[in-house]
Every structure is written in structure tokens, then in C-alpha cells.
Amino acid sequence: MSEQANNTSAKPGTAVVTGASAGLGRLFADRLARRGHDLLLVARRGDRLDEAAKALRSQYGVTVNTLVADLGAAADLERVAQAIAADASITLLVNNAGTSTLAPVLATAPASAQSMIDVNVTALARLSLVALAGFKARDRGTLINIGSVLGFHTLPISSIYSGTKGFVLNFTRGLQEEVAGSGVRVQLVLPAATATDIWELSGVPVTNLDPAHVMTAEHCVDAAIAGLDLGEPITMPSVDDYAPLFAAYDDARARLFGASQNGTPATRYAGAAR
Ligand code: NAP
7 MSEQANNTSA KPGTAVVTGA SAGLGRLFAD RLARRGHDLL LVARRGDRLD EAAKALRSQY
67 GVTVNTLVAD LGAAADLERV AQAIAADASI TLLVNNAGTS TLAPVLATAP ASAQSMIDVN
127 VTALARLSLV ALAGFKARDR GTLINIGSVL GFHTLPISSI YSGTKGFVLN FTRGLQEEVA
187 GSGVRVQLVL PAATATDIWE LSGVPVTNLD PAHVMTAEHC VDAAIAGLDL GEPITMPSVD
247 DYAPLFAAYD DARARLFGAS QNGTPATRYA GAAR
């Protein structure tokens with residue numbers, strides 16, 4: 007389907023968007039097509055991807071391909087990884103697909119727990135690595151990983167989801183260190199509550215939240231892309247005084263880590279029984 011795989015650096019290239027059948031991913035696809043990116047859209051619901059592809063082709067005149075895949079299934083994930091590895095026109099990957107079940111762990115079906123880990127962690131890591139391999143070889147490309155503010159905050163109903171997003175946070179920050187000084191960029195986006203289907207699917211309808219705390223999906227994606235344009239490594243769409251708050255958070259994190267590099271038990275454990 008793709009006739010657009012030539013190597014012209016003036017073109018924005020192909021953007022891969024996972025979870026492009028709904029919510030934030032559908033809007034990332036729109037905004038990236040508007041900027042002239044050709045697209046490869048990934049999700050399970052092929053009918054929705056086809057609708058999106060048709061609309062985006064007609065509105066923006068870009069090439070849009072679709073790949074129906076369950077990123078929680080190893081064979082499908084591998085198919086997507088191979089498609090990314092094989093396409094040198096890819097300049098951007100948005101690892102957006104995600105799933106959430108919000109419930110105490112003992113009330114969470116094992117399959118739902120596994121699915122969060124498979125999609126939010128395993129798939130995101132695999133696709134990050136395969137995309138980065140190509141980007142590094144070409145010294146050009148942008149990886150956008152969608153985390154969550156629940157990556158540094160956890161609730162009695164979000165242990166697994168928060169755990170998966172904690173992985174996205176630490177993993178993506180590590181990748182940023184790895185690509186520093188190269189032509190490759192890695193952006194971490196940490197949305198707070200945003201009005202998409204994920205809430206209903208998680209078991210907590212968005213109507214249960216204080217509307218004042220809920221952002222529109224359009225605002226979230228537009229802020230994420232504005233953050234990308236500003237060169238932000240980490241974009242928190244809803245945080246106004248981000249710079250001082252994040253500096254204080256990160257400084258405390260670094261100081262705590264530094265204090266752990268000590269080689270001896272802390273004095274409060276000096277009298278501990280053996
Ligand atoms: P959404 O409306 O539920 O969309 C999720 C997307 O992921 C859909 O396109 C879905 O497509 C895809 N997806 C889910 N499971 C998949 C699987 N196994 N294989 C392939 N695709 C799969 O949710 P959203 O709010 O836009 O979420 C996008 C990202 O933002 C997620 O990573 C989420 O954790 C994160 N986030 C959301 C919020 C929020 O409040 N909305 C806040 C912080 C972070 P199919 O069902 O067609 O497969």
C-alpha cells in the first residue's frame with residue numbers, strides 16, 4: 007500500500023501511531039497528518055482504523071496505511087515491530103496504545119492485569135527499541151511515549167496501571183539519556199485525566215470525576231505536540247507551573263538516589279538483631 011518510502015529528508019516522513027482507533031491516538035494521527043506526515047495506524051479495531059485512514063487521506067492528502075494488531079499478543083506485536091523495522095521512511099513513533107482496569111488488584115481479572123502489562127509495558131518497550139534502532143542508524147527520528155501522571159502516583163485502584171506507567175516514566179527517561187547529543191528525540195508525555203473511552207473501559211466512568219479535573223482529548227494532544235515543538239523532554243499537558251515543580255521533584259529524586267550510594271547500613275539499623 008505504501009508508495010511513499012523514499013528517502014527525502016525534506017519530507018516529514020511516516021509517523022506510526024499505536025492506538026489510533028480512538029481517543030488520543032486518533033487525534034495524534036490527525037495532527038501529524040495535518041503536518042504532512044504519512045501514517046501507519048495500529049490498533050485492534052480495523053473498521054475504526056479504516057474510517058480514520060479514509061478521513062485523513064481525504065482531508066490531508068497523505069498516505070495512510072493501517073495495521074490491525076493486538077499489541078497484547080506476541081505474534082501481532084512482532085508483526086508490528088517487523089513493519090517498523092522494514093520501513094526506513096518512518097521518522098516518528100507515538101507509543102500511545104494503552105489499557106487500564108481500575109480496581110483493587112484482588113478484584114482485577116488476571117487477564118486484565120496481564121493485558122495492562124503486555125500493552126502498556128511489553129509492547130511499548132519492544133516498539134521503542136525497534137524504532138530507535140532505525141532512528142539511530144539514520145540519526146533522525148522522534149519517539150513519543152505516552153505515560154501518565156499515575157506513573158509517579160498510585161491509588162488503591164491503580165496499582166497495576168500505575169506500575170505500568172512507572173515503567174514508561176523510568177524507561178523513557180533512560181532512553182532520553184541514551185540518545186542525548188544525537189539526531190534522535192524522545193519525548194515523554196504525562197497526561198492527567200482526559201476525556202476518552204479509557205475511563206469507561208477501566209470501570210470508572212469519566213462522569214465519576216470532577217469535571218474541573220478532566221481535560222479534553224484535543225487539548226491534551228495539542229499540548230503534547232506544542233511541548234514537542236518547544237523541545238520539552240517531558241510534557242505534562244495540564245501542569246501550569248511545570249518547571250519549578252518538576253525541578254523540585256527531580257532534585258529530591260536525585261538526592262535520595264545519591265543518599266543510597268553509601269555501601270553501609272543506615273545508622274538506624276545499627277542495632278538490628280542478626
Ligand atoms: P482510549 O480512548 O481507550 O484508546 C486506547 C487506544 O489503544 C485505542 O485506539 C485502542 O484500540 C488501543 N489499544 C488498547 N488495547 C490495545 C491492544 N491490545 N492492541 C492494540 N491497540 C490497543 O484511551 P486513551 O485515553 O486515548 O489512551 C491513550 C494513552 O493515553 C494510553 O496509553 C493511556 O494509558 C494514556 N493516558 C490516558 C489518560 C486519560 O485520562 N485518558 C491519562 C493518562 C494517560 P483498539 O481497542 O481498537 O485496539
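To convert, take the position in the sequence shown, counting from 1, and add 6; that gives this note's numbering.
We put the beta carbon where it would ideally sit given N, CA and C, even for glycine.
Can you find a heavy atom of ligand 1 that lies under 7 Å from the Cβ of residue i?
{"i": "Gly189", "result": "no"}
{"i": "Asn102", "result": "yes"}
{"i": "Ser244", "result": "no"}
{"i": "Val192", "result": "no"}
{"i": "Arg54", "result": "yes"}
{"i": "Leu30", "result": "yes"}
{"i": "Val136", "result": "no"}
{"i": "Ser154", "result": "yes"}
{"i": "Asp216", "result": "no"}
{"i": "Val22", "result": "no"}
{"i": "Ala89", "result": "no"}
{"i": "Thr105", "result": "yes"}
{"i": "Arg40", "result": "no"}
{"i": "Ala26", "result": "yes"}
{"i": "Gly237", "result": "no"}
{"i": "Pro197", "result": "yes"}
{"i": "Thr281", "result": "No answer is possible for residue 281: the residues shown for the chain start at 7 and end at 280."}
{"i": "Leu1", "result": "Nothing can be reported for residue 1, as the shown portion of the chain is limited to 7 through 280."}
{"i": "Leu77", "result": "yes"}
{"i": "Val125", "result": "yes"}
{"i": "Ala49", "result": "yes"}
{"i": "Asp247", "result": "no"}
{"i": "Ile240", "result": "no"}
{"i": "Thr114", "result": "no"}
{"i": "Ile231", "result": "no"}
Does the beta-carbon distance from residue i to residue j come in below 8 Å?
{"i": "Gly209", "j": "Thr105", "result": "no"}
{"i": "Met221", "j": "Thr200", "result": "yes"}
{"i": "Thr5", "j": "Val192", "result": "In the structure as shown, the chain begins at 7 and stops at 280. Residue 5 is therefore absent and cannot be evaluated."}
{"i": "Leu33", "j": "Glu224", "result": "yes"}
{"i": "Leu194", "j": "Asn151", "result": "yes"}
{"i": "Ala103", "j": "Gly31", "result": "yes"}
{"i": "Val23", "j": "Asp44", "result": "no"}
{"i": "Ser134", "j": "Leu196", "result": "no"}
{"i": "Lys171", "j": "Leu156", "result": "yes"}
{"i": "Val245", "j": "Leu236", "result": "no"}
{"i": "Pro239", "j": "Ala230", "result": "no"}
{"i": "Thr72", "j": "Gly42", "result": "no"}
Please name the residue in the options whose C-alpha comes closest to that of residue i.
{"i": "Leu207", "options": "Leu194, Ile150, Ser118", "result": "Ser118"}
{"i": "Ala79", "options": "Thr178, Gln120, Ser168", "result": "Gln120"}
{"i": "Pro162", "options": "Pro211, Ala109, Ala276", "result": "Ala109"}
{"i": "Ala39", "options": "Ser64, Arg51, Ala258", "result": "Ser64"}
{"i": "Asp82", "options": "Asp235, Val48, Gly19", "result": "Val48"}
{"i": "Val70", "options": "Asp93, Val190, Asp56", "result": "Asp56"}
{"i": "Leu77", "options": "Asn126, Gln267, Phe173", "result": "Asn126"}
{"i": "Val190", "options": "Gly19, Arg144, Val174", "result": "Arg144"}
{"i": "Asp124", "options": "Gly169, Arg146, Leu112, Asp93", "result": "Gly169"}
{"i": "Leu175", "options": "Ser164, His159, Ala186, Glu84", "result": "His159"}
With residue i and residue j assumed to form a contact (beta carbons below 8 Å), what rounded beta-carbon distance in angstroms separates them?
{"i": "Ala137", "j": "Leu149", "result": "6 Å"}
{"i": "Val100", "j": "Ala21", "result": "7 Å"}
{"i": "Ile166", "j": "Thr128", "result": "13 Å between Cβ atoms; not a contact."}
{"i": "Arg54", "j": "Ala28", "result": "7 Å"}
{"i": "Lys142", "j": "Ser188", "result": "7 Å"}
{"i": "Asp36", "j": "Leu62", "result": "7 Å"}
Start-end ranges of the beta strand (DSSP E) lying completely within the region 65 to 94, minimum 3 residues: You should have 70 to 74.
Complete runs of the beta strand (DSSP E) confined to the region 130 to 175 [at least 3 residues]: At a cut-off of 3 residues, the continuous stretches assigned as beta strand (DSSP E) that sit fully inside the region 130 to 175 are 147 to 152.
Inside the region 166 to 253 only - alpha helix (DSSP H) runs reaching at least 4 residues: If only complete runs of 4 or more residues are kept, the region 166 to 253 shows the alpha helix (DSSP H) at 204 to 208, 223 to 235, in order along the chain.
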